[in-house]
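**Q** I'd like to ask you about the structure that follows.
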Amino acid sequence: MASEEELFASVDALLNEEPHLPPPAERARLREAAGITQARLATALKTTTQSVKNWENGRSEPKSPRLDAYQRLLNGWAAKYPAHGAPTVTPAPAPALNPEPVAETFTGPAVPEAPAVVEVPVVQAESATSRRPAKKRSAPAVDSRFPHGPLAVLDSDGSAYGVGGIVLDCPATTVVELVEWTLRESGLGAARLNRYGKDSDPLIVLTAAAAVKLGLPERLEGHEQRRSLRLPEDHPVVKQVAKARWQLTQRGFGPWARVYRKAQGRERQCVQLAILSWDALDERSWPGVADLEAADIARILGVYAQRVITPRGSTAVSGLELMTALRPPTKAVQDPQTGNWVSGHNAGSLGTEPMDPAPPEATPEHPVVVNSGWSGGFLNEEAYQWVRSVETLSDEECVLPFAVGLDLNTAFLAAAARLVVGLSAPDHFHNPTFNPKIPGSWLVDLSHIDLDPRLPSPFTPDGTRPTGPAWYQTHTVAYAQELGFNVAPIEAYLRRETGAYLDPWHDRLKAAYVDTLADLGVTKDLDDRAFLAAMEQHKQTDPAMAAVLGAIKATVKGGVGKLRERPQGKQYKDGEPWPAMQRPTWRPDIRAAVISKARVNMHRKLNNMVKMTGLYPLAVLSDCVVYPSPGESPLDFLPYAASGKPQPGGFRLGPTPGLAKLEGVQLMLWAVDLMEKGLNPARHIKGGDAVLDEGE
Numbered sequence: 007m008a009s010e011e012e013l014f015a016s017v018d019a020l021l022n023e024e025p026h027l028p029p030p031a032e033r034a035r036l037r038e039a040a041g042i043t044q045a046r047l048a049t050a051l052k053t054t055t056q057s058v059k060n061w062e063n064g065r066s067e068p069k070s071p072r073l074d075a076y077q078r079l080l081n082g083w084a085a086k087y088p089a090h091g092a093p094t095v096t097p098a099p100a101p102a103l104n105p106e107p108v109a110e111t112f113t114g115p116a117v118p119e120a121p122a123v124v125e126v127p128v129v130q131a132e133s134a135t136s137r138r139p140a141k142k143r144s145a146p147a148v149d150s151r152f153p154h155g156p157l158a159v160l161d162s163d164g165s166a167y168g169v170g171g172i173v174l175d176c177p178a179t180t181v182v183e184l185v186e187w188t189l190r191e192s193g194l195g196a197a198r199l200n201r202y203g204k205d206s207d208p209l210i211v212l213t214a215a216a217a218v219k220l221g222l223p224e225r226l227e228g229h230e231q232r233r234s235l236r237l238p239e240d241h242p243v244v245k246q247v248a249k250a251r252w253q254l255t256q257r258g259f260g261p262w263a264r265v266y267r268k269a270q271g272r273e274r275q276c277v278q279l280a281i282l283s284w285d286a287l288d289e290r291s292w293p294g295v296a297d298l299e300a301a302d303i304a305r306i307l308g309v310y311a312q313r314v315i316t317p318r319g320s321t322a323v324s325g326l327e328l329m330t331a332l333r334p335p336t337k338a339v340q341d342p343q344t345g346n347w348v349s350g351h352n353a354g355s356l357g358t359e360p361m362d363p364a365p366p367e368a369t370p371e372h373p374v375v376v377n378s379g380w381s382g383g384f385l386n387e388e389a390y391q392w393v394r395s396v397e398t399l400s401d402e403e404c405v406l407p408f409a410v411g412l413d414l415n416t417a418f419l420a421a422a423a424r425l426v427v428g429l430s431a432p433d434h435f436h437n438p439t440f441n442p443k444i445p446g447s448w449l450v451d452l453s454h455i456d457l458d459p460r461l462p463s464p465f466t467p468d469g470t471r472p473t474g475p476a477w478y479q480t481h482t483v484a485y486a487q488e489l490g491f492n493v494a495p496i497e498a499y500l501r502r503e504t505g506a507y508l509d510p511w512h513d514r515l516k517a518a519y520v521d522t523l524a525d526l527g528v529t530k531d532l533d534d535r536a537f538l539a540a541m542e543q544h545k546q547t548d549p550a551m552a553a554v555l556g557a558i559k560a561t562v563k564g565g566v567g568k569l570r571e572r573p574q575g576k577q578y579k580d581g582e583p584w585p586a587m588q589r590p591t592w593r594p595d596i597r598a599a600v601i602s603k604a605r606v607n608m609h610r611k612l613n614n615m616v617k618m619t620g621l622y623p624l625a626v627l628s629d630c631v632v633y634p635s636p637g638e639s640p641l642d643f644l645p646y647a648a649s650g651k652p653q654p655g656g657f658r659l660g661p662t663p664g665l666a667k668l669e670g671v672q673l674m675l676w677a678v679d680l681m682e683k684g685l686n687p688a689r690h691i692k693g694g695d696a697v698l699d700e701g702e
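Heads up: the sequence shown begins at 7 in the numbering used here, then just goes up one per residue.
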């Protein structure tokens, strides 16, 4: 005979079981009796209409906490709308100790009627990160075609965490089922960013456990970089995809896999998958994000998707894809002969075909160079990596106690603003007259220009004086003119058709950067002292939003870098085409224009600082500059007017692209010691390696 303890344990187990729902048909009857549509119920329970349909036809069951909310709602409806023929239980009235006459009889129902919106506990994914209340920002308009946002993070229990805390039930047990559920039932995707563009494909991010449940290995192993690894063609999942008549892109099934069928009419059938345990989220661009809970990952990626673009690969890939999404290569035009609408060139875009660069704009391994035997030199428009000679330091500088680093916010993004670039193929000219309004590459001798050795040369990345004729982008040559020197180009490759191709890219990323900083408490209305204090705390304010901010910065730098992506792999031979150069967005001349303008902008500020303060920098690395300082704050050496306002022309503190923030502070002796060793203080003033930290 069972003991009392065993019986109690069995009873407790029954009590702890999840609530049992009525049969599927009864669920549908109760909802219809209450006059509630499936769509309205789905909205109340923060799920999809298809999920409600699945619950009512028995295909799937809700999971906690949605299960408890659904159970509570059904119990309420069951009390109010009993099934036909069911006995109505009337509770016996309690005896009244002192019966008194009732002035007005209450005849309302025992259970209140359903209100306009079904009141149930909202199924909201709890975020593990704390955050300071930020200024309320209007939510992006919801596209009725994509009611559940651009993406979801799928966990092993079938919970798909979306933006805004929504949790969808995904019944898929294979990759093929997941793709079909995503396209048919999930309500995921994002509207096009340009009226001539394409809607963003839905993104499903898989946790390690979800990947294993779908038949994928938890990790990809191999000698290559993990992001370059792919499933072999004979892997069961790859075979399943092919058998179901789905296709993979040429990149195969890797950390970012795109599963698609050829479009039928205007309908795209494509799902982007990202596998977290395969390093889909690069640690340099998304530090720590892959290790967070699924709901937090969904929040971070969701904000990025809404402010930038639905991720389609690394932040560099997303940066490049954003350019195309904002400037689509084609648009519908009417054929004058037939009157039919056909695909035509979209003015201001880079078109649909790759464009050969001018030989000096190419890389040494490019077919244009190898096949032509070009030996005339190349553009070297790169960011600064300059360290001042210790011999030029004065005694007054050496006795200053601190070295303070300033970092320009997204300097490449600031340079992209109103940047005119070439849109057509380059034309070759000999002995042209320089025109600063024409984008291109100019062979010019700037070696006669003698500048202060305490500043880097504006014409070379290492800051040394040019030694003879060299190729420069238009902005570099124009700056030589701005400094008052004559320029006489020997040769040039110029483009006749021009435009501000990057303007919408700049505008969207600038808004994303500024809005995200504002969410972290760093707003445009802060004075310089308050700005420095806010920047000191912003990463702790909300680590999730800080991760979004880092990804936005990586998108800028990575997108610019992708414009001149070089071949990869040990098998590559010089002169062979490689995949990146065969896309219209392989444009090394545009990359050179951005970097040239950014470097010139930096030198202009350095020069103005000398005029306003007499201060010279110790070192420059890309968008970071280190100055000797009497104090630990930029406020101790930046130029201010008598009114207290920052002087224009030099470095100014602030949260917008092109303005500066504090990068780090060290002792002056530390900086001089690095300089004597030939090392760059700007690289290490933050405490680590600035280049690696920024993902370069």
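Glycine is no exception: its CB is placed at the ideal position from the N, C-alpha and C atoms.
What you are looking at is a predicted structure, and each value in this text was computed from that prediction instead of being measured.
Quick one: what's C276 bridged to in DSSP?
**A** Note: C276 sits in a beta bridge opposite Y266.
**Q** Let me check one thing: in DSSP terms, what residues is E682 bridge-paired to?
**A** In DSSP, E682 forms no bridge with anything.
**Q** Can you tell me which residues form a DSSP beta bridge with G176?
**A** According to the sequence displayed, residue 176 carries Cys and not Gly. Looking at the DSSP assignment, C176 forms no beta bridge with any residue, so it has no partner.
**Q** Please report the Cβ distance between P438 and A486, rounded to the nearest whole angstrom; I am assuming they are in contact, meaning their Cβ atoms lie under 8 Å.
**A** That belief does not hold up - the Cβ atoms of P438 and A486 are roughly 15 Å apart, past 8 Å.
**Q** Is it buried or exposed for K559, if we count other Cβ within 10 angstroms and need 16 for buried?
**A** Burial call: buried.
**Q** How is the beta strand (DSSP E) around T729 delimited, first residue to last?
**A** No information on residue 729 is available, as it lies outside the stretch 7 to 702 that the chain covers here.
**Q** Do you know offhand how far I444's Cα is from L189's?
**A** Cα to Cα, I444 sits roughly 47 Å from L189.
**Q** Please classify L103 as buried or exposed, where buried requires at least 16 neighbouring CB atoms within 10 angstroms.
**A** Reliability of the predicted coordinates at L103 is poor, the pLDDT of 38 falling under 50, and the value obtained from them is presented with this limitation in mind. Burial call: exposed.
**Q** Tell me, please, which residues DSSP counts as bridged to I601.
**A** According to DSSP, which records beta bridges pairwise, I601 is partnered with nothing at all.
**Q** Is it right to say Q574 is buried, meaning 16 or more other beta carbons lie within 10 angstroms of its own, or is it exposed?
**A** Flag for Q574 reads exposed.
**Q** List in chain order: all unbroken beta strand (DSSP E) runs of 3+ residues lying wholly within the segment 582-661.
**A** Fully enclosed beta strand (DSSP E) runs of 3 or longer: 625-627, 630-635.
**Q** Which of helix, strand or coil does DSSP assign to L282?
**A** DSSP places L282 in helix when its eight states are reduced to three.
**Q** Going by DSSP, name the residue or residues bridged to F435.
**A** Partner(s): A498.
**Q** Considering only their Cβ atoms, is the gap separating L356 from P590 smaller than 8 Å?
**A** A contact, by the Cβ cut-off of 8 Å.
**Q** Can you tell me where the alpha helix (DSSP H) with K32 in it begins and where it stops?
**A** One point to set straight first is that residue 32 is Glu, not Lys, in the sequence displayed. From DSSP, the alpha helix (DSSP H) with E32 extends over 30-40.
**Q** So, under 8 Å CB-CB, T316 and P156 are touching, yes? Tell me the CB distance rounded to an integer number of Å.
**A** That belief holds up - the Cβ atoms of T316 and P156 are roughly 4 Å apart, short of 8 Å.
**Q** Assuming E327 is part of the alpha helix (DSSP H), what are its boundary residues?
**A** 321-332 is the extent of the alpha helix (DSSP H) around E327.
**Q** Check H5 in the structure and name its three-state DSSP category.
**A** Given that the chain is displayed from residue 7 to residue 702, the structure contains no residue 5 and the question cannot be resolved.
**Q** Between E388 and the rest of its own chain, which residues show a CB-CB distance below 7 Å, the 5 nearest in sequence each way excluded?
**A** P467, I601.
**Q** Closest to H26 by C-alpha separation, out of L80, R35, Q44, would be which residue?
**A** Nearest of L80, R35, Q44 to H26, Cα basis: L80.
**Q** Under three-state DSSP, which class holds D288?
**A** D288 falls in the coil class under three-state DSSP.
**Q** May I ask which residues mark the beginning and end of the alpha helix (DSSP H) holding L489?
**A** Segment: none, L489 is in no alpha helix (DSSP H) and carries neither H nor E.
**Q** In its own chain, which residues sit with a C-beta less than 6 Å from the C-beta of E119, not counting the 5 before and 5 after it?
**A** The pLDDT assigned to E119 is 36, lower than 50, so where the model puts this residue is not dependable; a value taken from the coordinates is nonetheless given after this. Counting only Cβ-Cβ distances below 6 Å, and skipping sequence neighbours, we find nothing.
**Q** How about A666 and L412: do their beta carbons lie closer than 8 Å?
**A** Yes, the Cβ-Cβ distance between A666 and L412 is below 8 Å.
**Q** Quick one: what's I210 bridged to in DSSP?
**A** In DSSP, I210 forms a bridge with A158, L279.
**Q** Who are H454's beta bridge partners in DSSP?
**A** Answer is none; H454 lacks a bridge partner.
**Q** Since A304 and A158 are thought to touch, with beta carbons under 8 Å apart, how far apart are those beta carbons, to the nearest angstrom?
**A** With a Cβ gap of about 7 Å, A304 and A158 count as contacting.
**Q** According to DSSP, is L222 helix, strand or coil?
**A** Correct three-state label for L222: coil.
**Q** Do P370 and G383 count as a contact pair if the criterion is CB distance below 8 Å?
**A** Not in contact: G383 and P370 (Cβ atoms no closer than 8 Å).
**Q** Rounded to a whole number of angstroms, what is the C-alpha to C-alpha distance between R333 and N352?
**A** Cα to Cα, R333 sits roughly 8 Å from N352.
**Q** To the nearest whole angstrom, what separates the beta carbons of L621 and V632, a pair I think is in contact under 8 Å?
**A** Incorrect: roughly 11 Å between the Cβ atoms, too far for contact.
**Q** According to DSSP, simplified to helix, strand and coil, what is P687?
**A** P687: helix per DSSP, three-state reduction.
**Q** Which residue's Cα is closest to the Cα of A423: K337, N415, T321, D513?
**A** Of K337, N415, T321, D513, the residue nearest in Cα terms is D513.
**Q** Could you tell me the boundaries of the alpha helix (DSSP H) in which Q192 lies?
**A** The question names Gln, but residue 192 is Ser in the sequence shown. No alpha helix (DSSP H) holds S192; DSSP gives it neither H nor E.
**Q** Cα separation between L569 and Q588?
**A** C-alpha separation (whole angstroms): 11 Å.
**Q** I'd like to know whether the C-beta atoms of A197 and D207 end up nearer to each other than 8 Å.
**A** Not a contact, by the Cβ cut-off of 8 Å.
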